[in-house]
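When you number the sequence shown by the working numbering, it's gap-free, plus one each residue, and the end is 601.
Notes follow the structure.
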Amino acid sequence: VNYTGFSFPVNCLDRHVHVAPDKVALIWEKDEPGEQVQVTYRELLELTCRLGNTLKRQGVKQGDRVTIYMPPCPLAVASMLACARIGAVHAVVFAGFSAESLADRIRDAQSETVITVNQGLRGGKIIELKKTVDQAVKQCPGVKRVLVSMRTTSKVPMTALDVPLEEVRGCPAILLLLLGKVLALGEMMKEDAYCEPAVMDSEDMLFLLYTSGSTGKPKGLVHSQAGYLLFAALTHKYVFDYQDRDIFGCVADIGWITGHTYVVYGPLCNGGTTVLFESTPVYPNPVERLRINQFYGAPTAIRLLLRYGDEWVKKYDRSSLKMLGSVGEPINKEAWEWYFRVVGETRCPVVDTWWQTETGGICISPRPSNPGAEILPGMAMRPFFGISPSLLDDKGNVLLENDVSGALCISQAWPGMARTIYNDHKRFLKTYLTSYPGFFFTGDGVYRTSEGYYQLTGRLDDTISISGHRLGTAEVENVVNHHVAVAESAVIGYPHEIKGEGKMLSFLPQNISQGYGTAVGSGTGSSAVSTPYSIRLPKTRSGKIMRRVLRKIVEDKANELGDLTTLDDHEAVQQIIEGHKHLV
Ligand code: 6R9
Numbered sequence: 018v019n020y021t022g023f024s025f026p027v028n029c030l031d032r033h034v035h036v037a038p039d040k041v042a043l044i045w046e047k048d049e050p051g052e053q054v055q056v057t058y059r060e061l062l063e064l065t066c067r068l069g070n071t072l073k074r075q076g077v078k079q080g081d082r083v084t085i086y087m088p089p090c091p092l093a094v095a096s097m098l099a100c101a102r103i104g105a106v107h108a109v110v111f112a113g114f115s116a117e118s119l120a121d122r123i124r125d126a127q128s129e130t131v132i133t134v135n136q137g138l139r140g141g142k143i144i145e146l147k148k149t150v151d152q153a154v155k156q157c158p159g160v161k162r163v164l165v166s167m168r169t170t171s172k173v174p175m176t177a178l179d180v181p182l183e184e185v186r187g188c189p190a191i192l193l194l195l196l197g198k199v200l201a202l203g204e205m206m207k208e209d210a211y212c213e214p215a216v217m218d219s220e221d222m223l224f225l226l227y228t229s230g231s232t233g234k235p236k237g238l239v240h241s242q243a244g245y246l247l248f249a250a251l252t253h254k255y256v257f258d259y260q261d262r263d264i265f266g267c268v269a270d271i272g273w274i275t276g277h278t279y280v281v282y283g284p285l286c287n288g289g290t291t292v293l294f295e296s297t298p299v300y301p302n303p304v305e306r307l308r309i310n311q312f313y314g315a316p317t318a319i320r321l322l323l324r325y326g327d328e329w330v331k332k333y334d335r336s337s338l339k340m341l342g343s344v345g346e347p348i349n350k351e352a353w354e355w356y357f358r359v360v361g362e363t364r365c366p367v368v369d370t371w372w373q374t375e376t377g378g379i380c381i382s383p384r385p386s387n388p389g390a391e392i393l394p395g396m397a398m399r400p401f402f403g404i405s406p407s408l409l410d411d412k413g414n415v416l417l418e419n420d421v422s423g424a425l426c427i428s429q430a431w432p433g434m435a436r437t438i439y440n441d442h443k444r445f446l447k448t449y450l451t452s453y454p455g456f457f458f459t460g461d462g463v464y465r466t467s468e469g470y471y472q473l474t475g476r477l478d479d480t481i482s483i484s485g486h487r488l489g490t491a492e493v494e495n496v497v498n499h500h501v502a503v504a505e506s507a508v509i510g511y512p513h514e515i516k517g518e519g520k521m522l523s524f525l526p527q528n529i530s531q532g533y534g535t536a537v538g539s540g541t542g543s544s545a546v547s548t549p550y551s552i553r554l555p556k557t558r559s560g561k562i563m564r565r566v567l568r569k570i571v572e573d574k575a576n577e578l579g580d581l582t583t584l585d586d587h588e589a590v591q592q593i594i595e596g597h598k599h600l601v
């Protein structure tokens, strides 16, 4: 079979179905503790085709944008692949966003089609996703149809726009889950089990994915067909040393780029078995039960686990693990060492992977598949094949030497690079390509060690300048996190009124397992005031600390917090605002 010229799902499905139809493609680790559903390549292809045909019958055409608002589940993956199969562009919106955020994204993408589920489940709690979509769609006159799948058995009010995916028209919901398998009857089941894949140009849009700027409206980053998939597959294979029979466990939600590249496209293109986590994983139980070989998650979870103590991890069998990965934030040395020593029993290389929604896949990472390659704790280490990082100083000079810090730029295009911001190419150029002409500017700070290895130091918009020295938040946090009483910290800086020198503030949640509160220390040098008033830090839903929010609070600008759509815990922010008011 000649697969050249076809769109994605052929690479992610058909070619594996020819070789190993019954190989498990997805293991859906459901919210219900201990419940899992396996979907083979043959089943996933069939589901994708039926859904692709349903989309076509509903009027979705090549190039149309389709918004997907679903929790991680096989039908969500099939929805992404079904869009790709018919040449439509998917725009997954994390199913935790409010109706307003969803509406903004639907309107920006000019989507006429939304795919959702009746209800979601998270930690046993029911989440009314369809209701949120109804509210959002009211503000989006362009939406012509909402495809609704049944995640739970509860019926939800349907509107004239709704297309029930599994229900047979006029009959009660009969589809649901039979013997734990997704059994599609209804609209989807009426469709043919084969859908001809669209032939696409390599540079056609595959998907949009929104990422919040620090202010203003979210950016719909556009990824391409061929370059993105190539980069997803290569990085998945080489960074994690993925082998044919491995079970790959990336705990990101499909609503983030990590979910797109390392839950869906990378592993499926490589014919792998990938785990879809619906809930926040009750790590490390699924590692033992599903025999996960590569575990990939965010440092924030690792830092919390560390505080729960070794025993909690050690009571589970981790012998299946071969590789551990970290993504999303700088990982401090202490957390890295614990991950390596306790979780991976010093047997599994830890890969601290640096990349962004904009880069499509991992750009800087140790390469353990390169035998003997050295890995230093808490460092992203080396550029991936084809990535050429450059460090630039404030004046735009390229820093060629080692043992320097600078703005992390990339000097040459790479396959997975986002091509534009949907409908706003000017903003794309302005944000990424004009600050340092001739370079792609990542927005991150980096230190290149004397050996030439790369260590990320945090977002440049978060940097602290003390007595003329530029410090990354990560550098200071590394020191703070080292203290036994600290689980996690966020360090920020703001201008000092008198001396004009940087003032530093640190937020230190203390030993979480003992339920202590956050001590907020403020001061320069060794003088510090601390008052405990919150046990949480403001984080995005994907686990990144929102330092800019803290900075605004300490600058007494709590009414100018900017875009908070990705904020996970509004209550924590309120507590910090209140606490700050009372700080003497
Ligand atoms: C994949 C992802 C991108 C930003 C990025 C940087 C931070 C990601 C990191 C890291 C230090 C790492 N980041 N990985 N910082 N070390 N290993 O997270 O994409 O959500 O777009 O965030 O996350 O600041 O610029 P995205």
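All C-beta atoms in this analysis are idealised placements derived from N, C-alpha and C, irrespective of residue type, glycine included.
In this text the structure is predicted, and so the values were computed from the model without any measurement.
For the putative contact between residue i and residue j, defined by C-beta atoms under 8 Å, what is the C-beta separation to the nearest angstrom?
{"i": "Leu307", "j": "Ile271", "result": "18 Å between Cβ atoms; not a contact."}
{"i": "Ala210", "j": "Glu63", "result": "5 Å"}
{"i": "Ser428", "j": "Ser405", "result": "5 Å"}
{"i": "Pro181", "j": "Glu145", "result": "About 17 Å; that fails the 8 Å criterion."}
{"i": "Leu554", "j": "Ala507", "result": "5 Å"}
{"i": "Leu338", "j": "Asn310", "result": "7 Å"}
{"i": "Thr582", "j": "Ser118", "result": "4 Å"}
{"i": "Arg689", "j": "Val216", "result": "Since the displayed the chain opens at 18 and closes at 601, residue 689 lies outside it and no answer follows."}
Please state whether DSSP places residue i in a helix, a strand or coil.
{"i": "Ala243", "result": "helix"}
{"i": "Pro400", "result": "strand"}
{"i": "Lys207", "result": "coil"}
{"i": "Cys66", "result": "helix"}
{"i": "Val34", "result": "helix"}
{"i": "Ser345", "result": "Residue identity differs from the one stated: residue 345 is Gly in this sequence, not Ser. Coil."}
{"i": "Val27", "result": "helix"}
{"i": "Trp2", "result": "Since the first residue shown for the chain is 18 and the last is 601, residue 2 is missing from the structure and cannot be characterised."}
{"i": "Phe248", "result": "helix"}
{"i": "Lys556", "result": "strand"}
{"i": "Gly237", "result": "strand"}
{"i": "Cys157", "result": "coil"}
{"i": "Leu307", "result": "helix"}
{"i": "Tyr333", "result": "coil"}
{"i": "Gln53", "result": "strand"}
{"i": "Tyr227", "result": "strand"}
{"i": "Leu293", "result": "strand"}
{"i": "Arg358", "result": "helix"}
{"i": "Tyr86", "result": "strand"}
{"i": "Ala504", "result": "coil"}
{"i": "Glu46", "result": "strand"}
{"i": "Trp372", "result": "coil"}
{"i": "Ile509", "result": "strand"}
{"i": "Asp179", "result": "strand"}
{"i": "Arg320", "result": "helix"}
{"i": "Gly266", "result": "strand"}
{"i": "Phe314", "result": "Per the sequence shown, residue 314 should be read as Gly rather than Phe. Three-state DSSP puts Gly314 in a strand."}
{"i": "Val367", "result": "strand"}
{"i": "Leu584", "result": "strand"}
{"i": "Val163", "result": "strand"}
{"i": "Val173", "result": "coil"}
{"i": "Ile392", "result": "coil"}
Beta carbon of residue i, beta carbon of residue j: below 8 Å?
{"i": "Ala112", "j": "Val83", "result": "no"}
{"i": "Leu223", "j": "Ala318", "result": "no"}
{"i": "Ala95", "j": "Met87", "result": "no"}
{"i": "Gly395", "j": "Trp355", "result": "no"}
{"i": "Trp431", "j": "Phe248", "result": "yes"}
{"i": "Gly560", "j": "Glu346", "result": "yes"}
{"i": "Cys286", "j": "Thr275", "result": "no"}
{"i": "Ile379", "j": "Arg399", "result": "no"}
{"i": "Asp585", "j": "Glu295", "result": "no"}
{"i": "Asp478", "j": "Gly460", "result": "yes"}
{"i": "Ile132", "j": "Leu164", "result": "yes"}
{"i": "Asn70", "j": "Glu183", "result": "no"}
{"i": "Leu72", "j": "Ala99", "result": "yes"}
{"i": "Leu293", "j": "Cys66", "result": "no"}
{"i": "Ala390", "j": "Val344", "result": "no"}
{"i": "Tyr439", "j": "Leu225", "result": "yes"}
{"i": "Asn302", "j": "Asn495", "result": "no"}
Check whether chain D comes within 8 Å of residue i, counting only Cβ atoms and requiring the distance to be less than that.
{"i": "Asn70", "result": "Structure shown: chain D not included; a single protein chain is present."}
If we require 3 or more residues per run, which beta strand (DSSP E) segments fall completely within the stretch 405-490? 406-409, 421-427, 457-465, 471-476, 481-483, 486-488
Counting only runs of 4+ residues fully inside the stretch 93-148, write out the alpha helix (DSSP H) ranges in chain order. 116-126
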